[in-house]
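Protein sequences appear in the order of chains A and B.
49 is the number that my numbering gives to position 49 of the first sequence; each next residue is one higher, with no gaps.
Numbers given in my numbering equal positions in the second sequence, counted from 1, plus 1000.
Structure first, then comments.
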Amino acid sequence: QKEVEQNSGPLSVPEGAIASLNCTYSDRGSQSFFWYRQYSGKSPELIMFIYSNGDKEDGRFTAQLNKASQYVSLLIRDSQPSDSATYLCAVNRQSGGYNKLIFGAGTRLAVHP
Amino acid sequence: DTEVTQTPKHLVMGMTNKKSLKCEQHMGHRAMYWYKQKAKKPPELMFVYSYEKLSINESVPSRFSPECPNSSLLNLHLHALQPEDSALYLCASSQDYIQGPTYSNQPQHFGDGTRLSIL
Chain A
1 QKEVEQNSGP LSVPEGAIAS LNCTYSDRGS QSFFWYRQYS GKSPELIMFI
51 YSNGDKEDGR FTAQLNKASQ YVSLLIRDSQ PSDSATYLCA VNRQSGGYNK
101 LIFGAGTRLA VHP
Chain B
1001 DTEVTQTPKH LVMGMTNKKS LKCEQHMGHR AMYWYKQKAK KPPELMFVYS
1051 YEKLSINESV PSRFSPECPN SSLLNLHLHA LQPEDSALYL CASSQDYIQG
1101 PTYSNQPQHF GDGTRLSIL
C-alpha cells in the first residue's frame, strides 16, 4: 500500500462544474495535509493546507479532512480551463524522529470548455 | 512569480563538471529544502536545513553537497553527476521546521526549479 494514494486520472470535468479530488493516506499519526497544483513543466504551487477535521474554504477551493477515515479531499467549484493541472496531495509522516512530507503521485485534472 | 528564487532555470552539464544550484528566499523563513522531481513523479525530499543547520539528509549520494550560507540562501553543489540525476531540482522554504510527533508541518513554498540535464 502506498503511503499517499491518489487516482492518477485524468479527471475530466466541464467548465463551471465542481471538481472533486481525493487522497487517502496510511499513517494514522499524520497531522498536516497539503494540496499543491502543478502545471506541466512548472513547480508545485501551494493551494490549500488543513490540520483539523472538517472543511476549510478559500475562494473556489475547499479542503476536507477526515482523520478517522484517513481521507483528505479538494473541491474546486466553478472549475475553469486554467484549473487544468496535476494536483498533488502531500501528508506529513513521522520517520526516525523527524517529519517529512510524502507526496501522492498526483491527479491530473482536465477542465474542458 | 514565486517568492523563492532559483537559479539557473536550466542547466546542462557533463558528468565531470562541477556546478552549483542556488536558491534564495526573503520571506524570513528558517527552514529550507531541496527536492528532486523526475518526470511524471512526485517530488522527493533530499535535504532539510533548519536555522542554517542540516537537519535531514535523505541518504543522498555525496555527489550532491548542500550548503546554507545564511538563512536566506541555499546552495546545492553538484559534482560527477550521472545521467540518471537529470531531473527538476526544487527548492522550498517554510516558516520553520519542527521535529516531533505532535507538531504539524508548516506549508512549504516552492521555487520555480532548475531543470538539470546530465550529458
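All residues carry an ideal CB built from backbone N, CA and C; glycine is no exception.
Everything numeric in this text was worked out from a predicted model, so none of it was measured.
Please identify the residue among the options whose C-alpha is closest to the C-alpha of residue i.
{"i": "A:S79", "options": "A:D27, A:G59 and A:A90", "result": "A:G59"}
{"i": "B:K1129", "options": "B:Q1082, B:A1087 and B:D1112", "result": "The requested residue 1129 of chain B is not part of the displayed model; chain B covers only 1001 to 1119."}
{"i": "A:D27", "options": "A:A90, A:P113 and A:V111", "result": "A:A90"}
{"i": "A:T107", "options": "A:A17, A:M48 and A:Q38", "result": "A:Q38"}
{"i": "B:Y1049", "options": "B:L1088, B:A1039 and B:S1065", "result": "B:S1065"}
{"i": "A:Y51", "options": "B:P1107, B:L1116, B:I1118 and B:L1119", "result": "B:P1107"}
{"i": "A:L46", "options": "B:L1116, B:E1052 and B:V1004", "result": "B:V1004"}
{"i": "A:E3", "options": "A:P113, A:A110 and A:R93", "result": "A:R93"}
{"i": "B:H1077", "options": "B:Q1095, B:S1020 and B:M1015", "result": "B:S1020"}
{"i": "A:Y69", "options": "A:A17, A:H112, A:G29 and A:S20", "result": "Note on identity: in this sequence residue 69 of chain A is Ser, with Tyr being the wrong assignment. Comparing Cα-Cα distances from A:S69 to each of A:A17, A:H112, A:G29 and A:S20, the minimum goes to A:G29."}
{"i": "B:K1036", "options": "B:H1079, B:V1060, B:H1029 and B:E1052", "result": "B:V1060"}
Suppose the cutoff is 6 Å on Cβ atoms and the five residues either side in sequence are ignored; what does the same chain contact list for residue i look like?
{"i": "A:V116", "result": "What the structure shows of chain A is the stretch from 1 to 113, and residue 116 of chain A is not part of that stretch, so it cannot be assessed."}
{"i": "B:E1067", "result": "N1075"}
{"i": "B:F1110", "result": "L1090 and A1092"}
{"i": "A:F49", "result": "F34"}
{"i": "A:S12", "result": "A110"}
{"i": "B:A1031", "result": "S1050, S1094, D1096 and Y1097"}
So, for residue i: in the same chain, excluding its five sequence neighbours on each side, which residues have a beta-carbon less than 8 Å away from its beta-carbon?
{"i": "A:S8", "result": "A105, G106, T107 and R108"}
{"i": "B:I1056", "result": "L1045, F1047 and V1048"}
Which residues in the same chain as residue i place their Cβ atom closer than 7 Å to its Cβ, once the five residues preceding and following it in sequence are excluded?
{"i": "B:G1113", "result": "Q1006, L1088, Y1089 and L1090"}
{"i": "A:K67", "result": "N53"}
{"i": "B:K1084", "result": "Per the sequence shown, residue 1084 of chain B should be read as Glu rather than Lys. Counting only Cβ-Cβ distances below 7 Å, and skipping sequence neighbours, we find nothing."}
Check whether chain E comes within 8 Å of residue i, counting only Cβ atoms and requiring the distance to be less than that.
{"i": "A:S32", "result": "Of the protein chains in the structure, A and B, none is chain E."}
Would you please state the rounded distance, in angstroms, between the beta carbons of residue i and residue j? I believe it to be under 8 Å.
{"i": "B:M1046", "j": "B:I1118", "result": "Incorrect: roughly 16 Å between the Cβ atoms, too far for contact."}
{"i": "B:L1054", "j": "B:S1086", "result": "Contact flag wrong, Cβ pair sits at about 25 Å."}
{"i": "A:P81", "j": "A:P113", "result": "6 Å"}
TODO: Could you tell me whether the segment 1010 to 1030 of chain B touches the segment 45 to 60 of chain A, where touching means 3 or more Cβ pairs closer than 8 Å?
DONE: Not touching, per the Cβ criterion.
TODO: Flag this pair as touching only if the segment 1064 to 1078 of chain B and the segment 81 to 99 of chain A have three or more C-beta atom pairs under 8 Å; answer yes or no.
DONE: no
TODO: May I ask you to list, following chain order, the residues of the segment 50 to 76 of chain A that have a beta carbon less than 9 Å from some beta carbon of chain B?
DONE: Y51
TODO: Pull out every residue of the segment 76 to 110 of chain A whose Cβ sits closer than 7 Å to any Cβ of chain B, in chain order.
DONE: L88, N92, Q94, G97, Y98, N99, K100, L101, F103, G104, A105 and G106
Task: chain A contacts made by the segment 1048 to 1080 of chain B, where a contact means CB separation under 9 Å - done: Result list: V1048, S1055, I1056 and E1058.
- [ ] Can you give me, in chain order, the residues of the segment 1104 to 1115 of chain B that have a beta carbon less than 9 Å from any beta carbon in chain A?
- [x] For the segment 1104 to 1115 of chain B, residues whose beta-carbon sits nearer than 9 Å to a beta-carbon of chain A comprise S1104, N1105, Q1106, P1107, Q1108, H1109, F1110, G1111, D1112, G1113 and R1115.
Task: Contact set between the segment 2 to 15 of chain A and chain B, restricted to residues whose Cβ is under 8 Å from the partner - done: none
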